[in-house]
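Just below is one structure, and these are the notes that go with it.
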Amino acid sequence: MRIGEWNAFAQAQTIPIRPTAHGESRGMAMVEGAVYDAVNALQPDHRPYLLDLRTLHAQPFGSQAAAIATAAHDVLVTIVPSGQVGAVHAQRDATLAGIADGPSKTEGIRVGAAAAAAMIDFRLNDGYLAAFPFDIGSDPGDWRPVDWPFTLPDPRADPDAWVANEKPFLIESPSQFRSKGPNALKSRAYEKDFDEVKSLGAIDSTTRTADQTAAAVFWQFPPIALWNQLARDQLSPRFGLDTADQARLYAIVNLAAADAAISCWNDKYYWGFWRPRAAIREAGTDGNPATVPDPNWESLFAPATQT
């Protein structure tokens, strides 16, 4: 398997890492970060990610294919559901079987294993699926489930909450790029945002164009699948990227995507601001006379309409 095929295989293997798509995001960042480090150690054109090249002493004759297969395999078997481990073993073995035995294969395996080990060690106790309780408010502007009281035993059981405090891959902290927060409820800026979302975001909107609807539907596509397929099937062949450059591209895409999710969720829970369904349905309580409530308002992507 070539590097693009390993990217596609890893993407397929990480999809079942749940409870949400962010488990897949973390998994792909781990795989592609390790693969990049392995390939870059053998062809050090760029700064390493986690590996110390001075102590690794990677030899340039090492097989990149063996390094890729080993790095991806060793990371995947630690993060995928147990029922998938056999398939991961089989893919690794099939790749290695196509490489002639000798120093090149041995060195590639060694370097790939080192890259995977560095990644696995780096992600120990990184906050994956860690409990993250958060407050549910009742005042205007506070985040809360729309249909209060919430029907689940624990209304804080958001399967994405752990992402907010997950250890980042590249940035310094989950809060490094903290936003300035939402506009004040009584401000003109909030009123403008409110009216736009209420009009364009409604499931039965009469102001949203067909192109806007298509764009909204498009961006609901799972991001890891979208960006990896784009990098693998479009960008890599278009620009004639070799194995080393593909490794770097896949790493950049997935490491950045994972950190973007962490930053987003951290910001969300820090500000704890209500979402459009609550804001529009309960606008009569926000103290802004210009925001008109609609108790029946529903968004384009209403949970009840999703299949």
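Residue numbers (this note's numbering): -7 to 299.
All C-beta atoms, glycine included, are put in the ideal place defined by N, C-alpha and C.
Contact defined as beta carbons within less than 8 Å: I believe residue i pairs with residue j. What is the distance between those atoms, to the nearest angstrom?
i	j	result
ASN288	GLN3	The pair is not a contact, with the Cβ atoms about 40 Å apart (cut-off 8 Å).
ASP251	PRO160	5 Å
GLN238	GLY(-4)	6 Å
ALA61	TRP(-2)	7 Å
ALA64	VAL27	6 Å
Which value, in whole angstroms, describes the spacing of the CA atoms of residue i and residue j?
i	j	result
MET(-7)	ALA86	8 Å
ALA0	ALA59	17 Å
ALA282	ILE272	12 Å
GLY276	ARG18	40 Å
ARG240	PRO8	25 Å
PHE265	LYS97	54 Å
LEU121	CYS256	16 Å
VAL209	ARG224	22 Å
HIS14	ALA50	33 Å
PHE126	TYR261	7 Å
ASP131	PHE169	27 Å
PHE53	TRP263	52 Å
GLY104	PHE213	32 Å
PRO95	ILE101	10 Å
ARG84	ILE163	31 Å
LEU292	LEU45	50 Å
TRP140	VAL189	Residue placement at TRP140 is flagged as unreliable, the pLDDT there being 46, under the threshold of 50; a coordinate-derived value is accordingly withheld.
ALA89	SER197	57 Å
LEU233	GLN226	11 Å
TYR242	ARG115	19 Å
LEU48	PRO229	31 Å
GLN5	GLY133	40 Å
SER191	SER171	25 Å
ASP187	ASN175	14 Å
Should residue i and residue j be called a contact, given that it needs their Cβ atoms to be closer than 8 Å?
i	j	result
MET303	ILE91	Nothing can be reported for residue 303, as the shown portion of the chain is limited to -7 through 299.
ASN258	ALA156	yes
GLY279	LYS184	no
ILE195	ALA294	yes
LEU222	GLY25	no
THR235	GLN56	yes
GLU158	ASP118	yes
PRO268	GLY193	yes
LEU43	ALA106	yes
ILE244	MET20	no
ILE254	PRO166	yes
ALA249	VAL138	no
Taking the continuous alpha helix (DSSP H) assigned at residue i, which residues delimit it?
i	result
TYR28	13 to 34
GLN3	-5 to 6
ASP85	77 to 89
LYS190	180 to 192
TYR261	235 to 263
ASP203	202 to 210
LYS159	From DSSP, LYS159 is part of no alpha helix (DSSP H); its letter is neither H nor E.
The stretch 29 to 37 in contact with the stretch 72 to 83 per 3-pair CB rule at 8 Å: The stretch 29 to 37 makes no contact with the stretch 72 to 83; the number of CB pairs closer than 8 Å stays below 3.
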